[in-house]
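Numbering (our numbering), first residue to last: 245 to 393.
Structure below.
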(Lines of atoms letter the chains of each structure in order from A and count residues from 1; the text may use other names and numbers.)
(Lines give C-alpha, C1' and ligand atoms only; values in the text may rest on other atoms or scores of the structure.)
Protein backbone atom coordinates (compact mmCIF):
# COMPACT_ATOMS: atom_id res chain seq x y z
CA UNK A 1 0.00 0.00 0.00
CA UNK A 2 1.25 3.44 -0.89
CA UNK A 3 -0.85 6.32 0.36
CA UNK A 4 0.15 9.71 -1.01
CA UNK A 5 -1.36 12.90 -2.31
CA UNK A 6 -0.61 13.11 -6.03
CA UNK A 7 0.21 16.82 -5.83
CA UNK A 8 3.17 16.11 -3.54
CA UNK A 9 4.26 12.80 -5.11
CA UNK A 10 7.78 12.59 -6.51
CA UNK A 11 8.54 9.09 -7.81
CA UNK A 12 12.28 9.73 -7.35
CA UNK A 13 11.73 9.75 -3.58
CA UNK A 14 10.61 6.12 -3.67
CA UNK A 15 13.53 4.60 -5.61
CA UNK A 16 15.16 3.62 -2.29
CA UNK A 17 12.26 1.58 -0.91
CA UNK A 18 13.46 -1.78 -2.27
CA UNK A 19 16.85 -1.30 -0.60
CA UNK A 20 15.13 -0.45 2.68
CA UNK A 21 12.83 -3.48 2.56
CA UNK A 22 15.81 -5.74 1.78
CA UNK A 23 17.55 -4.35 4.86
CA UNK A 24 14.50 -5.06 7.02
CA UNK A 25 14.22 -8.61 5.71
CA UNK A 26 17.88 -9.59 6.13
CA UNK A 27 18.66 -7.89 9.47
CA UNK A 28 17.97 -9.11 13.01
CA UNK A 29 15.97 -6.05 14.06
CA UNK A 30 15.80 -7.19 17.68
CA UNK A 31 19.58 -6.78 17.88
CA UNK A 32 20.23 -3.41 16.24
CA UNK A 33 21.77 -1.02 18.76
CA UNK A 34 19.65 1.81 20.13
CA UNK A 35 20.35 5.08 18.37
CA UNK A 36 21.91 5.58 14.96
CA UNK A 37 23.66 2.74 13.13
CA UNK A 38 24.26 1.18 9.69
CA UNK A 39 25.09 4.55 8.19
CA UNK A 40 25.93 4.88 4.50
CA UNK A 41 26.82 8.55 4.23
CA UNK A 42 23.80 10.77 3.62
CA UNK A 43 22.01 8.03 1.64
CA UNK A 44 20.87 5.78 4.46
CA UNK A 45 20.97 5.22 8.17
CA UNK A 46 19.01 3.32 10.79
CA UNK A 47 17.63 4.80 13.99
CA UNK A 48 16.53 2.22 16.57
CA UNK A 49 14.11 3.52 19.21
CA UNK A 50 12.42 2.05 22.27
CA UNK A 51 9.77 3.94 24.25
CA UNK A 52 6.34 3.79 25.85
CA UNK A 53 3.54 5.19 23.71
CA UNK A 54 1.71 8.29 24.96
CA UNK A 55 -1.36 10.28 23.94
CA UNK A 56 -0.43 11.50 20.48
CA UNK A 57 -1.50 15.04 21.34
CA UNK A 58 1.72 15.24 23.43
CA UNK A 59 3.73 15.32 20.20
CA UNK A 60 4.22 18.00 17.57
CA UNK A 61 4.03 17.50 13.83
CA UNK A 62 7.38 17.52 12.04
CA UNK A 63 8.72 17.47 8.50
CA UNK A 64 12.04 16.51 6.91
CA UNK A 65 13.69 18.06 3.88
CA UNK A 66 16.52 15.62 3.12
CA UNK A 67 15.21 12.14 3.90
CA UNK A 68 12.19 9.89 3.75
CA UNK A 69 11.21 8.14 7.00
CA UNK A 70 10.34 4.46 6.90
CA UNK A 71 8.91 3.50 10.32
CA UNK A 72 8.90 -0.26 11.03
CA UNK A 73 7.39 -1.71 14.21
CA UNK A 74 9.55 -4.51 15.66
CA UNK A 75 7.52 -4.89 18.87
CA UNK A 76 4.34 -3.21 20.10
CA UNK A 77 1.94 -0.93 18.26
CA UNK A 78 1.47 2.79 17.81
CA UNK A 79 -0.56 5.48 16.13
CA UNK A 80 1.07 7.79 13.62
CA UNK A 81 -0.67 10.85 12.20
CA UNK A 82 0.34 11.87 8.65
CA UNK A 83 -0.83 14.67 6.39
CA UNK A 84 -0.03 14.11 2.72
CA UNK A 85 -0.73 17.81 2.11
CA UNK A 86 2.68 19.51 2.14
CA UNK A 87 1.28 23.03 2.63
CA UNK A 88 2.46 23.29 6.22
CA UNK A 89 3.05 26.26 8.51
CA UNK A 90 6.41 26.22 10.31
CA UNK A 91 6.54 26.85 14.07
CA UNK A 92 10.34 26.44 14.35
CA UNK A 93 13.27 27.10 12.10
CA UNK A 94 14.57 24.17 10.08
CA UNK A 95 17.40 22.31 11.88
CA UNK A 96 19.75 21.23 9.09
CA UNK A 97 21.91 19.05 11.36
CA UNK A 98 18.91 16.96 12.45
CA UNK A 99 16.88 17.42 9.25
CA UNK A 100 13.78 18.41 11.20
CA UNK A 101 11.33 21.26 11.42
CA UNK A 102 8.26 21.41 13.62
CA UNK A 103 5.04 22.58 12.00
CA UNK A 104 1.49 23.47 13.00
CA UNK A 105 -1.05 20.69 13.17
CA UNK A 106 -2.55 20.37 9.68
CA UNK A 107 -6.28 20.91 9.27
CA UNK A 108 -6.65 17.38 7.89
CA UNK A 109 -4.49 14.33 8.56
CA UNK A 110 -4.77 10.56 8.56
CA UNK A 111 -4.52 8.40 11.65
CA UNK A 112 -2.46 5.29 10.90
CA UNK A 113 -2.22 2.36 13.32
CA UNK A 114 0.89 0.22 13.00
CA UNK A 115 1.27 -3.21 14.60
CA UNK A 116 4.28 -5.53 14.86
CA UNK A 117 5.66 -6.14 11.37
CA UNK A 118 3.97 -3.09 9.78
CA UNK A 119 5.74 -0.14 8.21
CA UNK A 120 4.84 3.23 6.78
CA UNK A 121 6.89 5.33 4.40
CA UNK A 122 6.57 9.06 5.06
CA UNK A 123 7.62 11.39 2.27
CA UNK A 124 9.76 14.47 2.58
CA UNK A 125 7.75 17.52 3.59
CA UNK A 126 4.80 15.37 4.80
CA UNK A 127 3.83 16.57 8.29
CA UNK A 128 3.69 13.68 10.77
CA UNK A 129 3.78 12.86 14.46
CA UNK A 130 4.50 9.49 16.02
CA UNK A 131 4.63 7.51 19.28
CA UNK A 132 0.87 7.67 19.88
CA UNK A 133 -0.91 5.16 22.07
CA UNK A 134 -3.85 3.27 20.65
CA UNK A 135 -5.88 2.27 23.71
CA UNK A 136 -3.25 2.13 26.45
CA UNK A 137 0.49 2.78 26.74
CA UNK A 138 2.65 -0.06 25.38
CA UNK A 139 6.37 -0.60 24.91
CA UNK A 140 7.50 -0.13 21.31
CA UNK A 141 10.72 -1.11 19.59
CA UNK A 142 10.87 0.67 16.26
CA UNK A 143 13.33 0.97 13.42
CA UNK A 144 13.28 4.24 11.47
CA UNK A 145 15.14 4.01 8.20
CA UNK A 146 16.25 7.45 7.06
CA UNK A 147 16.44 7.36 3.27
CA UNK A 148 18.19 10.16 1.40
CA UNK A 149 18.11 10.62 -2.35
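From the three backbone atoms N, C-alpha and C, an ideal C-beta is built for every residue, glycine too.
This structure is a prediction, so every number in the text was calculated from the model and none was measured.
Please classify residue i as buried or exposed, where buried requires at least 16 neighbouring CB atoms within 10 angstroms.
i           : result
residue 210 : The requested residue 210 does not occur in the structure, where the chain is confined to residues 245 to 393.
residue 308 : buried
residue 255 : exposed
residue 357 : exposed
residue 393 : exposed
Is the separation between the beta-carbon of residue i and that of residue j shorter than 7 Å?
i           : j           : result
residue 321 : residue 378 : yes
residue 327 : residue 350 : yes
residue 325 : residue 373 : yes
residue 367 : residue 323 : no
residue 317 : residue 386 : yes
residue 391 : residue 280 : no
residue 306 : residue 364 : no
residue 388 : residue 291 : yes
residue 319 : residue 360 : yes
Thinking C-alpha only, which one of the options is nearest residue i?
i           : options               : result
residue 347 : 354, 355 and 338      : 338
residue 342 : 303, 289, 262 and 331 : 289
residue 353 : 294, 331 and 388      : 331
Quick one: complete alpha helix (DSSP H) runs, 4+ long, within the stretch 310-364?
none
Output the residue ranges of the beta strand (DSSP E) runs that lie fully inside the stretch 260-290 and measure 3 residues or longer, sorted by chain position.
279-284
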